[in-house]
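Chemist: Per the numbering used here, residue 42 is the first one in the sequence shown, and the count goes up by one each step.
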Amino acid sequence: MKLAIPTTDPHFPDDPPPSDDGPDSETIGTVLLSGFLRWLRHFAIYMGAVLTACAIGFFFLWQIPIVHELPQLLNGGEGVSNLLAAATPTSRPTTRPRNTPSQPTTVPVAPAGSPSTAAANPAGDSDILPTTPDPQSDAAPDSPTASTDTPAAPPVEETALPVEETAPPPTPQAQIEQLLAEAQQQMDSRRITAPANGNALNTYRHVLELQPENPVALAGIQRIAAYYQNAAEQSLRQGQPDESLTYLGRGLRAVPNDQALLSLRREAQLAKQREQEEQERQKRQALQEAMRRQQAEGQRREEFRRREMEAQQPWWQQPPNYQNSSGFNQR
Numbered sequence: 042m043k044l045a046i047p048t049t050d051p052h053f054p055d056d057p058p059p060s061d062d063g064p065d066s067e068t069i070g071t072v073l074l075s076g077f078l079r080w081l082r083h084f085a086i087y088m089g090a091v092l093t094a095c096a097i098g099f100f101f102l103w104q105i106p107i108v109h110e111l112p113q114l115l116n117g118g119e120g121v122s123n124l125l126a127a128a129t130p131t132s133r134p135t136t137r138p139r140n141t142p143s144q145p146t147t148v149p150v151a152p153a154g155s156p157s158t159a160a161a162n163p164a165g166d167s168d169i170l171p172t173t174p175d176p177q178s179d180a181a182p183d184s185p186t187a188s189t190d191t192p193a194a195p196p197v198e199e200t201a202l203p204v205e206e207t208a209p210p211p212t213p214q215a216q217i218e219q220l221l222a223e224a225q226q227q228m229d230s231r232r233i234t235a236p237a238n239g240n241a242l243n244t245y246r247h248v249l250e251l252q253p254e255n256p257v258a259l260a261g262i263q264r265i266a267a268y269y270q271n272a273a274e275q276s277l278r279q280g281q282p283d284e285s286l287t288y289l290g291r292g293l294r295a296v297p298n299d300q301a302l303l304s305l306r307r308e309a310q311l312a313k314q315r316e317q318e319e320q321e322r323q324k325r326q327a328l329q330e331a332m333r334r335q336q337a338e339g340q341r342r343e344e345f346r347r348r349e350m351e352a353q354q355p356w357w358q359q360p361p362n363y364q365n366s367s368g369f370n371q372r
């Protein structure tokens, strides 16, 4: 029997490990490339924002009117001079004063019979003209001392402005008639004392301010007082003194011293007082009746409670209850 001898295979070394230089260099390149791309993206975003802001600023700057007129202003200074000429107000041309010599002129004296002297000075010996111009001579062109080289100013034609025609103020009589017509309309529409800004009573009073003795206005005020007197009497007959007093107050506003209204107001006040007294008497009666009912109810409850207590007691303690009132013992 043979013994098996184990054989060992020869050990060959594995492949040598790859060098670390290759992957590291690739990683560094990738990092640099990504960083450059990130910076380039940020730079593009920043430049886009800057260009957008500049475009918006130029747009709003272009909306300013002076930017459109800038080429005209810079066109040889002509635009500036035109703008200044347009801005300065036009002044009225003044008359140029006469040219007077600054020094007196010496005139040679010739004999009286010399023809040259007579021709040179026909007016004879005269004083030297003053150096200051006379405003009256400039203003009067027919004056002999006026300057001949100064042209006379043309006369200014003054155009008459149209006068606005205003309506003449109404006469008091026309105003009174208009107020009376308004008061009649207000009476027809039952605007007698209200509203405050347009009623017949105020309109009649306005007429009396213009004409104190106007008969139509006086009659209208009396008609107002009679109207409220009639309304107050009807309300008083219907048993409504409060409403009657309201009508009487309006009538007394029109005619404060009317005796019929004053007497009717006293009557309405007495009726209101009697009504109040009757109401107070009815209230007292109702209160007394309620108190009597309450007392009777209390007595009934007390009697019922007493009977219940007696029923709960023993029979020998209960009070005798005789059915036979004759006193005969039937036992």
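Positions of the beta carbon are idealized from the N, C-alpha and C atoms, including for glycine.
Computed from a predicted structure; not experimentally measured.
Rounded to whole angstroms, what's the CA-CA distance from Arg232 to Ala241? Just pull it up for me.
Modeler: Distance between the alpha carbons of Arg232 and Ala241: 6 Å.
Chemist: To which residues of the same chain is Gln354 closer than 8 Å at the C-beta, ignoring the five residues directly before and after it?
Modeler: Result list for Gln354: empty, nothing under 8 Å.
Chemist: Quick test of the definition: if touching needs 3 or more C-beta pairs under 8 Å, does the segment 212-224 touch the segment 248-260?
Modeler: Yes: at least three Cβ pairs fall under 8 Å.
Chemist: Would you kindly work out how many angstroms separate the C-alpha atoms of Thr287 and Ala273, rounded to a whole number?
Modeler: Rounded to whole angstroms, Thr287 to Ala273 spans 8 Å at the Cα level.
Chemist: Under 8 Å: do the segment 289-298 and the segment 312-324 share three or more Cβ pairs, one atom per stretch?
Modeler: Touching, no.
Chemist: Determine the direct distance from the alpha carbon of Gly70 to that of Met20, and round the result to whole angstroms.
Modeler: Residue 20 cannot be examined here, being either before or after the span of the chain that is shown, 42 to 372.
Chemist: Beta-carbon within less than 7 Å of Glu284's beta-carbon, same chain only, minus the 5 sequence neighbours each way: which residues are those?
Modeler: Taken in chain order, the residues that qualify are Ser276.
Chemist: Below 7 Å CB to CB, which residues in the same chain sit around Ala94 once its five sequence neighbours on both sides are set aside?
Modeler: Within the same chain, Ala94 has no close Cβ partners at all.
Chemist: Closest to Trp226 by C-alpha separation, out of Thr244, Gln214, Gln216, Leu303, would be which residue?
Modeler: Per the sequence shown, the amino acid found at residue 226 is Gln instead of Trp. Looking at the Cα atoms, Thr244 is the closest of the given residues.
Chemist: Less than 8 Å between the CB atoms is what I'm expecting for Leu422 and Val296, so what's the real figure, rounded?
Modeler: Residue 422 lies beyond the stretch modelled for the chain, which goes from 42 to 372, so this question has no answer here.
Chemist: Output the boundary residues of the alpha helix (DSSP H) element that contains Gln214.
Modeler: Counting along the chain, the alpha helix (DSSP H) containing Gln214 begins and ends at 213-229.
Chemist: For the alpha helix (DSSP H) containing Glu274, list its first residue and its last residue.
Modeler: Element bounds for Glu274: 256-278.
Chemist: What does the Cβ neighbour count give for Glu97, buried or exposed, with the cut at 16 atoms within 10 Å?
Modeler: According to the sequence as given, residue 97 is Ile; it is not Glu. Burial call: exposed.
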